[in-house]
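Residue numbers for the sequence shown follow the numbering used here, beginning at 616 and rising by one.
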Amino acid sequence: MVAAQETTLQKLLEGTKQYQVPLYQRTYSWSEHQCKRLWEDIKKLAEDRRADPAATHFIGSVVLAPSPEIGPVGVQEFLVVDGQQRLTTLSILLCAIRDHRAKTEDPKHRGRIEQLYLINQFESDPHRLKLVPTQADRDAYLACVESTPQVGGSDHVGSAYRFFASRLMEYDDVEDPFDIARIENAVITGLALVAVTAQAGDNVYRIFESLNNTGLQLTQADLLRNYLFMRLPTRGETVYKSLWFPLQDTLNREDLELLFWLDLVQRNGRAKQTDIYAAHQLRLNAMRGEAEIRRFSHLGALLKIILHPESEPDPEVRRRLTRLHAWGATTVYPLLLHLLDRRAQGTATAGQVIAAMRYVESFFVRRLVIGRATANVNRILMSIVTEMDAKLPVDEAVRAYLSTGRKHYATDAQIRSSTRTIPFYLNGRAHQRNLVLQWLEEAHRSKEPVAADTLTIEHVLPQTPTAQWRQMLNDDLGPDENFTDVHESLVHTIGNLTLTGYNSELGNKPFDAKKAALAKSPIVLNRDIAQQERWGRPEIQARSEALAEQIISLWPGPVEASRDNDSDVPWDVMNRALAELPAGSWTTYGDVAALIGSHPVPVGTRLANHPVPNAHRVLQTGGTVSPGFRWPDPARTDDPLDLLRAEGVEFDGSGRAAPEQRIPLDELAQLAGLSTDDLPRPGHRDPARRTPNASTLSWPSCRTRRWSPPCRLFATAGPRSAAACSTAPATKRRAFSSHAARTIGSAASGRRRSTRVASSRSSSSISRTGCRSTTWRCVRSSGSGSTRSPGCPSRRPGSGYGRVCGCRYSPTRRPESC
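Below you can see the structure in the form of structure tokens.
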């Protein structure tokens, strides 16, 4: 049962009363912005009350409950369940008014304001103050009430006092002796509040929970703190001061909530962060609150070490923690907390903890090398504490758990195979790829750190090869090989990558120029490159093999007896990429092979014998359907060439697909979900790579990249003239529009979005106005590509215009009209 009534600050504070802010409440947190809004309201109210003395301004409510503690006779004690922020702010303002009026008017104002609104004059501690903030704010608030030299410190309480003191000084008009008095009067009797008071026997903690369990006002950590201290009716103050306050001082609010979640994950790997309060509440029902707070205090100190490895005293533990922190996988935190706790409890040695962290790092690195950087990694790491063998030493348990099942902990054989074939540069996150090369470099320097901020990854064989580079690589080709496929199979492998501080200067310069620059580099990884006479396939593969042996020696593999039996070829990556390959586009067997570290021949065999989505969109390098292409379903006899044409792929008279509609390797990797955020983009790319223009970008690039230049888009009904913008029949227009709605999306968000297209118009043709109201604009098309036209002109016989419309996607500008 609760009672609510409108009141004023004067009625709330007069008399012998004490308002205690419970331990579970947040510390005082009003900023200058909130104080300024209150001050402006008070100034306006003071001016309004000159004309209407009865004017008031409502500022909210305070929820109160009788204190469970029995105080001295005559002192009414209340807990502030809600509204402590505004009640504390008004009390700080009264301190500032008292000090200003005592200094500028009459010293008697000090005693008057104190005795009426700030202290209980005839009571001693702990009942002397009318408002008792949480322990974290108590010293700062006491400095305000007692006007000590510490008043106005750098904390929130001190900042609020300084704000109001300066505003009172600005507002005080020497020509108006009553202006500050009007401010005081407005604060004391003009600000209206609703006081909601619970009755004796009501559960104040439940009231607090019901008011704040929306997750908007308080975090789950705040609610959990409430519940913990609810279970400490007599020792709350002592436990708060000795355990909780130091924990709260060690971790900020976000990290405190992280701690509670990590503690849950160590019991249930599937625990969600949204379930922190409910799950802990259920668990704590049968436990002692003080013991739990003590345990959380211990774990909080360990989490601080994880978040700030520099605070770890053991140099090798610190080094391992720093490397895992740099990798950026926060889902390893539950295991790290468990390891540090085991060390603290004496059930694991520092050496075992170091070894366990080394196995985790090896797990990360080896997965990245074989192209499995992200596959189920979060689920694996979240479950490791609860599922690893508790009977084994902790380091052996971690290694054994990571070695079993389909966890892709790469074997030595897989490492040796993958370094020659997997496009390392397209896997994982950019900073993780850099870290692997940096750690390989550090291994040559006896653990001397590499200056990561000055180094970037350099492709020795450039991504955009010049004629000289083409000639060098052509010398290595076999009779049935072509340059494009071999280049794509080599350029992103780890053997072709190194670290430099002058990537933009090297670009796609000839090997002799790069060799001279790398010879001067202090990076040890560059020495073997600088010693080569040429840089072709044999040299790249030899370096890949050498790096494979270094990786194997630096990062131990899985337990041999339980090694992963997965296929070395990641066919699932190929399936994902081809499933996302948009209609009206195509790719090559060589691109697919380079994506998964295989060869075009086994790729073709796989496509012919296993159901794979969009297998017909994989063509030979020249854009022709392979003579050996067959559907996995023997009953299917339709011609893949006809299907591709129906989807919008253009073919010339020789049956070669338009090159501008080809999806190259890097975009294919993006479709497969590899390095989605880390692939080169305009302004953040290899300087040797040029920005595509309208004649080279296919329309799928519009979907998978954030280029501003125009991209071509072909209708499902086949090519059409520029006049189609004004004369397309309704039936073809609908096909055109549905195709567009399926394929145009936002690369920035990763979600396909519907595009308003002209099919929504009732007209039987797409007018120029319709073109302007959608994402379409018209382009002229020649055999090699498209360029924008000044409008949608009617097609003249023999004009040579291709029958194409194009799209334009730009994250910063509206589509251009016809």
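Virtual Cβ for every residue (Gly too), placed ideally from N, Cα, C.
Beta-carbon proximity list for residue i, same chain, < 7 Å, skipping 5 on both sides
i	result
L1196	T1202, N1229, R1232, I1278 and L1286
N993	T946
R782	W654
S998	G884
A836	R868, L871, E872 and F875
N1224	P1247
Y948	L877 and I921
D1292	Here the model assigns D1292 a pLDDT of 39, short of 50, so the residue's position is not dependable, and the following value carries that caveat. There are no such residues.
A1051	Contrary to the premise, residue 1051 reads as Val rather than Ala in this sequence. Here the set comprises V980 and L983.
K887	none
W645	Q700, T704, H771 and A775
R909	L858
Contacting residues, own chain, Cβ-Cβ under 8 Å from residue i (five flanking each side not counted)
i	result
T763	L757
R1149	M1087 and F1126
E976	R935, R938, L939, W942 and W1170
A1157	G1110
L917	L952, L955, D956 and A959
K745	L628, K632, Q633, Y634, S706, Y732, L733, I734 and N735
Where residue i falls, given that 16 or more other Cβ within 10 Å makes a residue buried
i	result
T1108	buried
R882	exposed
S1033	buried
M1189	buried
Q635	buried
A1161	exposed
L1283	buried
T1252	exposed
R1085	exposed
L1007	exposed
Supposed contact pair residue j and residue i - C-beta distance, whole angstroms, cut 8 Å
i	j	result
R958	A965	6 Å
I1211	V1184	6 Å
V772	Y643	5 Å
D878	L914	6 Å
L1041	D1281	7 Å
V802	L709	7 Å
R850	E905	6 Å
I1072	N1049	6 Å
P1268	R1191	In the sequence under discussion, the amino acid at residue 1268 is Gly, which differs from the Pro named in the question. Contact flag wrong, Cβ pair sits at about 35 Å.
I1037	I985	6 Å
V1264	G1199	6 Å
L858	S769	Rounded, the Cβ-Cβ distance is 25 Å, inconsistent with contact.
L702	V677	6 Å
L1076	V1106	5 Å
Residues near residue i by beta carbon distance below 6 Å, same chain, minus five either side
i	result
P1226	P1247
H940	P924
G1172	T1026 and D1027
A988	R982, N1042 and G1043
C650	A775 and F778
P1412	Interpretation of P1412 is limited by its pLDDT of 31, a score under 50 that renders its predicted location unreliable; no figure is taken from the coordinates.
S926	I920
Beta carbon proximity, residue i to chain C, threshold 7 Å
i	result
G1093	The chain inventory of the structure shown lacks chain C, comprising one protein chain alone.
Would you call the segment 1020–1035 and the segment 1111–1131 touching, i.e. three or more CB-CB distances under 8 Å? no
Is the segment 748–755 touching the segment 720–738, taking contact as three or more C-beta pairs under 8 Å? no
Please go through the segment 1107–1195 and give each complete beta strand (DSSP E) segment of 3 or more residues, from N-terminal end onward. 1112–1115
Enumerate, from N- to C-terminal direction, the unbroken beta strand (DSSP E) stretches of 3 or more residues contained entirely within the segment 619–667. 632–635
If we count Cβ pairs, one from each stretch, closer than 8 Å, do we get three or more for the segment 1014–1021 versus the segment 1132–1150? no
Can you list the alpha helix (DSSP H) stretches of 4 or more residues lying completely in the segment 890–972, in chain order? 891–899, 904–922, 930–942 and 948–960
Residue ranges of each alpha helix (DSSP H) within the segment 1206–1256, 4 or longer: 1215–1224
Would you mind listing the alpha helix (DSSP H) stretches within the segment 734–786 that are 4+ residues and don't spill past its ends, in chain order? 750–761 and 771–786
Three or more C-beta pairs closer than 8 Å, one from the segment 718–731 and one from the segment 658–669: is that the case here? no
Check whether the segment 692–700 touches the segment 780–798, taking contact to mean three or more Cβ pairs, one atom from each stretch, closer than 8 Å. no
Which parts of the segment 669–701 are runs of the beta strand (DSSP E), unbroken and 3 residues or longer, counting only runs that do not cross its ends? 672–681 and 691–697
Would the segment 789–806 and the segment 618–625 be scored as touching if the rule is three or more Cβ pairs under 8 Å? yes
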